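Enquirer: Once you've had a glance at the structure underneath, I'll fire off some questions.
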Amino acid sequence: MKVTKKRRKRYGGSLGGDIAIFVLLFLVGLFMLFPIYLSIIQALKPVEELFLFPPRLYVANITDQNFVDLLATASNMWVPFSRYVFNSVFVSVVVTVAQLLFSSSAAYALSKAKFPGVKAFNKIIEIALLFTSTVLYIMQYMVMATLGMIDTYFAIILPFVATPMGLFLMRQFMGQLPDSMIEAAKLDGANHIRICWQVVMPNVKPAWLTLLIFAFQGAWQITGYSFIYNEALKPIPTVMQQIGAAGIARAGVAAAAVVITMLPPMIVFIFCQSSVMETMAHSGLKD
Amino acid sequence: MAKKEKSQYIEDSKVRYTLREMRRNASVYILLAPFFILFTIFTILPVIISLPVGFTNFNMVQFPQFVGLDNFYSLILEDEVFLKAIQNTLVFAIITGPLSYVMCFLLAWLINEMPRALKTIFTFVFYAPTLAGNIYTTWQLIFSGDTYGIANSYLLDLGIINSARQWLTDANYILGVVIIVQLWMSLGAGFLAIRAGLQGIPKDRYEAGAIEGIKNRTQQLLLVTVPAMGPQLLFAAVMQIVSSFTAGDVGRFLTAFPSTDYAAHTIMTHAYDFGSIRYEMGYSAAICFILFAVMMLANWGIKKILGKYLD
Numbered sequence: 001m002k003v004t005k006k007r008r009k010r011y012g013g014s015l016g017g018d019i020a021i022f023v024l025l026f027l028v029g030l031f032m033l034f035p036i037y038l039s040i041i042q043a044l045k046p047v048e049e050l051f052l053f054p055p056r057l058y059v060a061n062i063t064d065q066n067f068v069d070l071l072a073t074a075s076n077m078w079v080p081f082s083r084y085v086f087n088s089v090f091v092s093v094v095v096t097v098a099q100l101l102f103s104s105s106a107a108y109a110l111s112k113a114k115f116p117g118v119k120a121f122n123k124i125i126e127i128a129l130l131f132t133s134t135v136l137y138i139m140q141y142m143v144m145a146t147l148g149m150i151d152t153y154f155a156i157i158l159p160f161v162a163t164p165m166g167l168f169l170m171r172q173f174m175g176q177l178p179d180s181m182i183e184a185a186k187l188d189g190a191n192h193i194r195i196c197w198q199v200v201m202p203n204v205k206p207a208w209l210t211l212l213i214f215a216f217q218g219a220w221q222i223t224g225y226s227f228i229y230n231e232a233l234k235p236i237p238t239v240m241q242q243i244g245a246a247g248i249a250r251a252g253v254a255a256a257a258v259v260i261t262m263l264p265p266m267i268v269f270i271f272c273q274s275s276v277m278e279t280m281a282h283s284g285l286k287d
Numbered sequence: 001m002a003k004k005e006k007s008q009y010i011e012d013s014k015v016r017y018t019l020r021e022m023r024r025n026a027s028v029y030i031l032l033a034p035f036f037i038l039f040t041i042f043t044i045l046p047v048i049i050s051l052p053v054g055f056t057n058f059n060m061v062q063f064p065q066f067v068g069l070d071n072f073y074s075l076i077l078e079d080e081v082f083l084k085a086i087q088n089t090l091v092f093a094i095i096t097g098p099l100s101y102v103m104c105f106l107l108a109w110l111i112n113e114m115p116r117a118l119k120t121i122f123t124f125v126f127y128a129p130t131l132a133g134n135i136y137t138t139w140q141l142i143f144s145g146d147t148y149g150i151a152n153s154y155l156l157d158l159g160i161i162n163s164a165r166q167w168l169t170d171a172n173y174i175l176g177v178v179i180i181v182q183l184w185m186s187l188g189a190g191f192l193a194i195r196a197g198l199q200g201i202p203k204d205r206y207e208a209g210a211i212e213g214i215k216n217r218t219q220q221l222l223l224v225t226v227p228a229m230g231p232q233l234l235f236a237a238v239m240q241i242v243s244s245f246t247a248g249d250v251g252r253f254l255t256a257f258p259s260t261d262y263a264a265h266t267i268m269t270h271a272y273d274f275g276s277i278r279y280e281m282g283y284s285a286a287i288c289f290i291l292f293a294v295m296m297l298a299n300w301g302i303k304k305i306l307g308k309y310l311d
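Chains V and D, in that order, are what the protein sequence lines are. The first sequence begins at 1 in the working numbering and counts up by one. The second sequence begins at 1 in the working numbering and counts up by one.
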């Protein structure tokens, strides 16, 4: 179907409506950003402005001193800071990629293939989504200790790969694809593995880009408190919390640590989200 | 006799049929294997071992001691704080659950009406609280009880209040403040899934809708957009159920723990209290078990309601 360039809207909505929506979103947006703005300016304030009365919503003398101090503290630790960076990047990338690959393939099987056991697998996932328990980590510890994984990278990678939420997300999106698409591929002689990766995945790009955001965000926040005791294996968030936990004397440094920790997920988010927008501009494959 | 033979025969062929189907679908099991092996080891197995803990007295030092339903009896009959926690959790879930769900969908939809560059920016801004992780601690600066608190300082200046309010320690305000913060960070996974789903609705559906005489945004939303979003709406519903029933961290960090008159005490906070502070793991597991049952019930209800509109 030919779509003219001018028609960015899918039908004629009024300009007034557009403006009203924009104003509403803008106001809600201010509310959303306010606390984040606060934590960023806390990091840019010199010590004498941190505890001013009355509290100020802007910085008079912007300083990078907090970040300099943070780096100084970080580089004085007995484990080189680059080691923490490596740990975090390594763990996040492995968890994200594995989660994407494994959840997508399993989601395809559960949504588009008919085989004995499919209902049971689906039920397990739905129940697992709702299960929370404060004693679970103890049992996880037991399992990992039995497998000899405590204090290894495995302990902060493997348990975080298979999340029911990732599978559920992919399954919901894949279920929307027409069965005729899969049947056609089958007639062409493709097996399930090929159909999953060459036919289905390109058609659920917004879904796996979204999963990528969730996966990276989750992986970046892995602290491994109860599974990792070796300082050289700890990821950045753990270290940042350790540095920031020194109380009021380091209030500025703690604020800088918060800002540094939240940057990588934001970068991944912006990259993925703008790709989500892009893919859809020229796709009309569903029936 | 003949009948029995026949059913035997059917049983037998059923087994054989299943086996044949399994063999025919071998590649499906290859696709499932990596996920479900890891899932079994690190989730299902720990869950199964942890289920019996609720029926024991377990302090992490001595071997768990079987006490039958004692934990559940004392939770329901004797533990007044737990009753308060249930009440708080329900009030909290009934307010934040539906409200945040409607917010997720409405805001995602309104963003979708904007041009592309603005879509990315707004999606980022609304999702930022979730992205930023533990940043909700910043709300402490805003709701701090002394005049250094931003809310107090500005409301005093404007003359709306005439003395500093103890937002985080006055039982009258606590639940309200926690609800505001929770709503602030509620545009999470469900919101993004709906955003992605909206991007994927094929254009020809809107064109077909326009031809059939859809005149305004509301009609288009109800007749074209919502029916095409079933799976995403269900996903978001489950996510909002989980986050509104398991809330507790926000209250625990912002208000003192335990909060004044237990005003921010939820089932999750109660479980944390017994699990991570008192090390009464059996009792804590029993609390989580009840929470799980409540969530299953809520999930079942939501599916019933959504199923009516989405299928």
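Backbone N, C-alpha and C fix where the C-beta goes; we use that ideal spot for every residue, glycine too. This structure is a prediction, so every number in the text was calculated from the model and none was measured.
Could you check whether the Cβ of D/P34 sits closer than 8 angstroms to any Cβ belonging to chain V?
Expert: As a working note, residue 34 of chain D is residue 34 in the second sequence. Proximity of D/P34 to chain V, defined by a Cβ-Cβ separation below 8 angstroms, is satisfied.
Enquirer: Please return the same chain residues whose Cβ sits closer than 7 angstroms to the Cβ of D/I275, not counting the five positions on each side in sequence.
Expert: By 1-based counting over the second sequence, the position of residue 275 of chain D is 275. For clarity, residue 275 of chain D is Gly in the given sequence; the question names Ile instead. M281, S284, listed in sequence order.
Enquirer: Taking only beta carbons into account, state which residues of the stretch 122-136 of chain D come closer than 9 angstroms to chain V, listed in chain order.
Expert: F122, T123, F124, V125, F126, Y127, A128, P129, T130, L131, A132, G133, N134, I135, Y136
Enquirer: Check D/F257 in the structure and name its three-state DSSP category.
Expert: Working through the second sequence from its first residue, we reach residue 257 of chain D at position 257. Three-state DSSP puts D/F257 in coil, outside helix and strand.
Enquirer: Report the residues of the stretch 171-194 of chain D with a CB closer than 8 angstroms to any CB of chain V, ordered along the chain.
Expert: W184, L187, A189, L192, A193
Enquirer: Alpha carbon to alpha carbon, how far is D/E21 from D/T89? Give it in angstroms, no decimals.
Expert: Position 89 of the second sequence holds residue 89 of chain D. Position 21 of the second sequence holds residue 21 of chain D. Approximately 46 angstroms, taken between the alpha carbons.
Enquirer: In angstroms with no decimal places, state the Cα-to-Cα distance between D/L99 and D/A108.
Expert: As a working note, residue 99 of chain D is residue 99 in the second sequence. As a working note, residue 108 of chain D is residue 108 in the second sequence. If I take the Cα positions, the gap works out to 14 angstroms.
Enquirer: Quick one: what's got a C-beta closer than 7 angstroms to D/A237's C-beta in the same chain, skipping five residues either side?
Expert: Taking the first residue of the second sequence as 1, we reach residue 237 of chain D at position 237. Excluding positions up to five away in sequence, the list reads Y101, I302, L306.
Enquirer: Grouping DSSP H, G and I as helix and E and B as strand, with all else coil, what is D/T56?
Expert: Here residue 56 of chain D refers to the residue found at position 56 when the second sequence is read from its first residue. Of the three classes helix, strand and coil, the one that applies to D/T56 here is strand, per DSSP.
Enquirer: Cβ closer than 7 angstroms: which chain V residues qualify as neighbours of D/R278?
Expert: Looking up residue 278 of chain D in the second sequence gives position 278. Ordered by position in chain V, no residue passes the 7 angstroms Cβ test against D/R278, which lies about 11 angstroms from the chain.
Enquirer: V/I156 and V/G224 - do their beta-carbons sit closer together than 8 angstroms?
Expert: Position 224 of the first sequence holds residue 224 of chain V. Position 156 of the first sequence holds residue 156 of chain V. In this structure, V/I156 lies closer than 8 angstroms to V/G224 by Cβ.
Enquirer: If we count the other Cβ atoms within 10 Å of its Cβ and call it buried at 16 or more, is D/T130 buried or exposed?
Expert: Locating residue 130 of chain D in the second sequence gives position 130, counting from the first residue. So D/T130 ends up on the buried side.
Enquirer: Of all the residues that make up the stretch 252-268 of chain D, which are near chain V by a beta-carbon distance shorter than 8 angstroms?
Expert: M268
Enquirer: Can you tell me whether DSSP reads D/Q65 as helix, strand or coil?
Expert: On the second sequence, position 65 is the one that residue 65 of chain D refers to. In the structure shown, D/Q65 sits in a strand (DSSP, three-state: E or B).
Enquirer: Please list the terminal residues of the continuous alpha helix (DSSP H) segment that includes V/E126.
Expert: As a working mapping, residue 126 of chain V is identified with position 126 in the first sequence. Looking at the DSSP string, the run of the alpha helix (DSSP H) that includes V/E126 is 118-130.
Enquirer: Give the residues of chain D in contact with V/V161, contact being defined as C-beta atoms less than 9 angstroms apart.
Expert: On the first sequence, position 161 is the one that residue 161 of chain V refers to. Residues of chain D passing the Cβ test: P34, F35, L38, F39, F42.
Enquirer: So which residues on chain V does D/A237 lean against when the C-beta distance must stay under 9 angstroms?
Expert: The residue given as residue 237 of chain D occupies position 237 in the second sequence. By Cβ distance, chain V contributes nothing, its closest Cβ being about 11 angstroms from D/A237, past 9 angstroms.
Enquirer: Over what stretch of residues does the alpha helix (DSSP H) that includes D/L155 continue unbroken?
Expert: Residue mapping note: residue 155 of chain D aligns to position 155 of the second sequence, counting from 1. 150-157 is the extent of the alpha helix (DSSP H) around D/L155.
Enquirer: By the three-class DSSP mapping on this structure, what secondary structure does D/D324 have?
Expert: The structure shown has nothing for residue 324 of chain D, since chain D only spans 1 to 311.
Enquirer: With respect to the alpha helix (DSSP H) encompassing D/V181, which residues constitute its N-terminal and C-terminal limits?
Expert: Your numbering for residue 181 of chain D matches position 181 in the second sequence. Element bounds for D/V181: 171-184.
Enquirer: Are at least three pairs of beta-carbons, each pair with one atom in the stretch 80-93 of chain V and one in the stretch 194-208 of chain D, less than 8 angstroms apart?
Expert: The answer is no - the stretch 194-208 of chain D does not touch the stretch 80-93 of chain V, with fewer than three Cβ pairs under 8 angstroms.
Enquirer: Are at least three pairs of beta-carbons, each pair with one atom in the stretch 171-189 of chain D and one in the stretch 78-93 of chain D, less than 8 angstroms apart?
Expert: yes
Enquirer: Output, in sequence order along the chain, the residues in the stretch 282-293 of chain D whose CB is closer than 9 angstroms to any CB in chain V.
Expert: G282, S284, A285, I287, C288, F289, L291, F292
Enquirer: Between V/D64, V/L24, V/G16, which lies nearest to V/G252 when the distance is taken from Cα to Cα?
Expert: Taking the first residue of the first sequence as 1, we reach residue 252 of chain V at position 252. It is V/D64 whose Cα lies nearest to the Cα of V/G252.
Enquirer: Looking at D/L187 and D/M103, is the spacing between their C-beta atoms short of 8 angstroms?
Expert: Position 103 of the second sequence holds residue 103 of chain D. Position 187 of the second sequence holds residue 187 of chain D. For D/M103 and D/L187, yes; Cβs fall inside 8 angstroms.
Enquirer: Quick one: what does DSSP say V/L50 is sitting in, helix, strand or coil?
Expert: To locate residue 50 of chain V, count along the first sequence from 1; it is residue 50. If DSSP states are grouped into helix, strand and coil, V/L50 belongs with the helices.
Enquirer: Output, in chain order, the set of chain V residues within a Cβ distance shorter than 9 angstroms of D/Y101.
Expert: Here residue 101 of chain D is taken as the residue at index 101 of the second sequence, counted from 1. Result: empty, since nearest Cβ-Cβ is about 16 angstroms, beyond 9 angstroms.
Enquirer: Go ahead and label D/A117 buried or exposed: buried means 16 or more other beta carbons lie within 10 angstroms of its beta carbon, across all protein chains shown.
Expert: Taking the second sequence and counting its residues from 1, one reaches residue 117 of chain D at position 117. With fewer than 16 Cβ atoms within 10 Å of its Cβ, D/A117 is classed as exposed.
Enquirer: Short of 7 angstroms in beta carbon distance, which residues of its chain neighbour D/T137, apart from the five on each side in sequence? Order them along the chain.
Expert: On the second sequence, residue 137 of chain D is found 137 positions in, with the first residue counted as 1. The residues are F253.
Enquirer: Measure the C-alpha to C-alpha separation of D/I267 and D/K84 and round it to an integer number of angstroms.
Expert: Here residue 267 of chain D corresponds to residue number 267 of the second sequence, with the count starting at 1. Here residue 84 of chain D corresponds to residue number 84 of the second sequence, with the count starting at 1. Taken atom to atom, the span from the alpha-carbon of D/I267 to that of D/K84 is near 9 angstroms.
Enquirer: Could one say the Cβ of V/Q242 lies closer than 8 angstroms to chain D's Cβ atoms, at least one of them?
Expert: Taking the first sequence and counting its residues from 1, one reaches residue 242 of chain V at position 242. No, V/Q242 lies away from the interface with chain D (no Cβ there is under 8 angstroms from its Cβ).
Enquirer: Does chain D have any CB closer than 8 angstroms to the CB of V/S75?
Expert: The residue given as residue 75 of chain V occupies position 75 in the first sequence. No, V/S75 lies away from the interface with chain D (no Cβ there is under 8 angstroms from its Cβ).
Enquirer: So, do the stretch 216-231 of chain D and the stretch 148-168 of chain D have three or more beta carbon pairs nearer to each other than 8 angstroms?
Expert: no
Enquirer: For V/Y84, would you say it is in contact with chain D, using Cβ-to-Cβ distances shorter than 8 angstroms as the test?
Expert: The residue given as residue 84 of chain V occupies position 84 in the first sequence. It does not; no Cβ of chain D falls within 8 angstroms.
Enquirer: Tell me, please, whether the CB atom of V/G17 is closer than 8 angstroms to any CB atom in chain D?
Expert: Here residue 17 of chain V corresponds to residue number 17 of the first sequence, with the count starting at 1. Taking 8 angstroms as the threshold, the shortest C-beta distance from V/G17 to chain D falls below it.
Enquirer: Kindly list the residues whose CB is nearer than 7 angstroms to the CB of D/I241, restricted to its own chain and excluding five residues on each side of it in sequence; keep chain order.
Expert: Translated into the one-based positions of the second sequence, residue 241 of chain D becomes position 241. Correct list, in chain order: G97, M295, A298, N299, I302.
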